[in-house]
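**Q**
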Amino acid sequence: MDIIIPSPKTEEVLPNYEILEFYRGDDTHTELTIQCYDMRFHITVSATNIQDDVSTTKEYMSLLRKLDSEDSTREVEEDSESEGDAMENMCFWIASKCNSAMRVLSSREEKTQVRTLHDWFYAKTLVLVLRARDGKLYVCSSSSLYQQDFAPMVTLSHSVCKLNIPSIEASNITILLDETDEETLIRRPKKVSVGSNTIRFYKPTYTSEQANREITSLIHIKSTNLSNIIRTPTLHELVKSPENHTSISGILLEYIPHHNTLADIDLDNTPVSIRVRWQDQLQSMVHSLHSAGVIWGDARTDNVLVDVDDILWIIDFGGGVTEGWVDGDKADSREGDLQALSKIIEILDFTGLAM
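Quick note, the sequence shown lines up with residues 1 to 355 if you use UniProt numbering.
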């Protein structure tokens, strides 16, 4: 039996949430999977279902146009503070409209404890549909549960398989709170434990090419005599895919106690001496990588970790390129690494900043 919950005229404050997946379908159809109130919700929206509420439909269509606009990226850059990211704005709007329903339903539902990585992959998910009738907005909740598989599944190359890296079942990996987590289960799993409380960092693998590249790079770096200069996490185990044990759902890396990534560090209040040290560390690591025959690839501040001792680590070797950091024709090359490095060094420039 479906449950119908009217949407209040005055929207309640939306608590912290995590966008797990957003899908833009045909016509005006969108779907959002979100983690909120310690539960997972799959929300479906379309203009057809809410057309009886004219003002809400106008809001939704306006957000859709911005989402679909080829110029949305340029518009965001011109007025990022007032506009924000089009997809994030759409997700926030959907979550806000369903906020009251999510709060009510989460208080009624018996929460299934999520202890392991396998639990998180297949967490209980409530299905919501945003609708309108006689000018009033409401949320319809289906009594059926949505079985969404959040377990990545990639196949490794024969050469990587021959490395005989230890593997472990997702059901034997316990989820822990990371230093940056604010609430239980609101973030994607990162800090985990295996065996007798051995701490690891879980990194999902989404494509075979990236997984093979990262695994090969990490193992090669550790095999060189430069591993004391190039600070990268040690690869310990592979996570077996729950659906297919010839595939993996991620890798388990050395867990590095940290402050944050370089992208999220308050650089304005970071002393000059530390910033200068970081510049030296990064330049040394990148040049040492190249000497070892390794290309960083997706070089940017998001892929540099600042540990608790204010020492930098490079944490991503999956390859690829991020717009704004490396030109497309320089992807996965030394030239691309050096281009991104120069931008990071410029960001770390200490002129006029904290002493």
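For every residue, glycine included, the Cβ atom is placed at its ideal position computed from N, Cα and C.
None of these values were measured; they are calculated from a predicted model.
Kindly list the residues whose CB is nearer than 8 Å to the CB of Leu20, restricted to its own chain and excluding five residues on each side of it in sequence; keep chain order.
**A** Excluding residues within five positions, the ones whose Cβ falls inside 8 Å are Thr33, Ile34, Gln35, Arg40, Phe150, Arg188.
**Q** Taking the DSSP output, what are the residues bridged to Tyr37?
**A** Paired residues: none, contrary to the question.
**Q** Assign Thr30 to one of three DSSP states: helix, strand, or coil.
**A** Three-state result, Thr30: strand.
**Q** Assuming contact is defined by CB atoms lying nearer than 7 Å, are Ile50 and Thr44 in contact in what I supplied?
**A** For Ile50 and Thr44, no; Cβs fall outside 7 Å.
**Q** Determine which residues share a DSSP beta bridge with Glu21 and list them.
**A** In DSSP, Glu21 forms a bridge with Thr33.
**Q** For Ser62, is the classification buried or exposed, using 16 other Cβ atoms within 10 angstroms of its Cβ as the cut-off for buried?
**A** Burial call: exposed.
**Q** So what does DSSP say about Arg200, is it helix, strand or coil?
**A** Strand at Arg200.
**Q** Tell me, please, whether the region 288-304 touches the region 312-325 by the rule of three or more beta-carbon pairs shorter than 8 Å.
**A** Contact holds: three or more Cβ-Cβ distances are below 8 Å.
**Q** Run through the DSSP bridge pairs and tell me what Tyr138 is partnered with.
**A** In DSSP, Tyr138 forms a bridge with Pro6, Arg131.
**Q** If I follow the unbroken beta strand (DSSP E) through Gly250, where does it start and stop?
**A** Residues 248-254.
**Q** Taking the continuous alpha helix (DSSP H) assigned at Thr48, which residues delimit it?
**A** Where Thr48 is concerned, the enclosing alpha helix (DSSP H) stretches over 47-50.
**Q** What is the DSSP secondary structure of Leu338, reduced to helix, strand or coil?
**A** Looking at Leu338 - three-state DSSP - the assignment turns out to be helix.
**Q** Would you tell me roughly how many angstroms separate the C-alpha atoms of Tyr60 and Leu67, rounded to the nearest one?
**A** In a straight line, the C-alpha of Tyr60 is about 10 Å away from that of Leu67.
**Q** So is Gly135 buried or exposed if we call it buried at 16+ other beta carbons inside 10 Å?
**A** Flag for Gly135 reads exposed.
**Q** Note down, in chain order, each residue of its chain lying with its Cβ closer than 6 Å to the Cβ of Ala211, except the 5 sequence neighbours on either side.
**A** Excluding positions up to five away in sequence, the list reads Val154, Thr205.
**Q** Since Ala86 contacts Ile5 with CB under 8 Å, what's their CB separation in whole angstroms?
**A** With 8 Å as the limit, Ala86 and Ile5 do not qualify as a contact, their Cβ atoms being about 28 Å apart.
**Q** Could you give the distance in angstroms between the alpha-carbon of Arg103 and the alpha-carbon of Tyr122?
**A** Roughly 21 Å between the two C-alpha positions.
**Q** Should Lys203 and Ile251 be called a contact, given that it needs their Cβ atoms to be closer than 7 Å?
**A** Contact flag set, yes.
**Q** Determine the contact status of Pro192 and Ile215, defining contact as a CB-CB distance below 7 Å.
**A** It is Val, not Pro, that sits at residue 192 in the sequence shown. No, Cβ-Cβ distance for Val192 and Ile215 is not below 7 Å.
**Q** Look up Lys240 in the DSSP assignment and say whether it is helix, strand or coil.
**A** The answer is strand: DSSP assigns Lys240 an E or B state.
**Q** Look at the Cβ atom of Ala170, then the Cβ atom of His118, and state whether they are nearer than 7 Å.
**A** Taking 7 Å as the Cβ cut-off, Ala170 and His118 qualify as a contacting pair.
**Q** So the candidates are Ala331, Asp302, Ser342, Asp309; which of them puts its Cα closest to the Cα of Ile295?
**A** Checking every option, the nearest Cα to that of Ile295 belongs to Ala331.
**Q** Buried or exposed for Glu110, going by 16 or more other Cβ atoms inside 10 Å?
**A** Looking at its Cβ environment, which holds fewer than 16 other Cβ atoms inside 10 Å, Glu110 is exposed.
**Q** I'd like to check one pair, Leu305 with Thr261: are the Cβ atoms closer than 7 Å?
**A** Their beta carbons are under 7 Å apart, which means Thr261 touches Leu305 by this criterion.
**Q** What three-state label does DSSP hand Trp313 in the structure shown?
**A** Of the three classes helix, strand and coil, the one that applies to Trp313 here is strand, per DSSP.
**Q** Please confirm whether Tyr255 and Ile168 have their CB atoms less than 7 Å apart.
**A** Not closer than 7 Å, so no.
**Q** Indicate whether Trp278 and Leu163 have their beta-carbon atoms separated by less than 7 Å.
**A** Their beta carbons are not under 7 Å apart, which means Trp278 does not touch Leu163 by this criterion.
**Q** Less than 7 Å separating the beta-carbons of Cys98 and Val139?
**A** It is a contact, given that the beta carbons lie within the stated cut-off.
**Q** According to DSSP, simplified to helix, strand and coil, what is Asn89?
**A** Three-state result, Asn89: helix.
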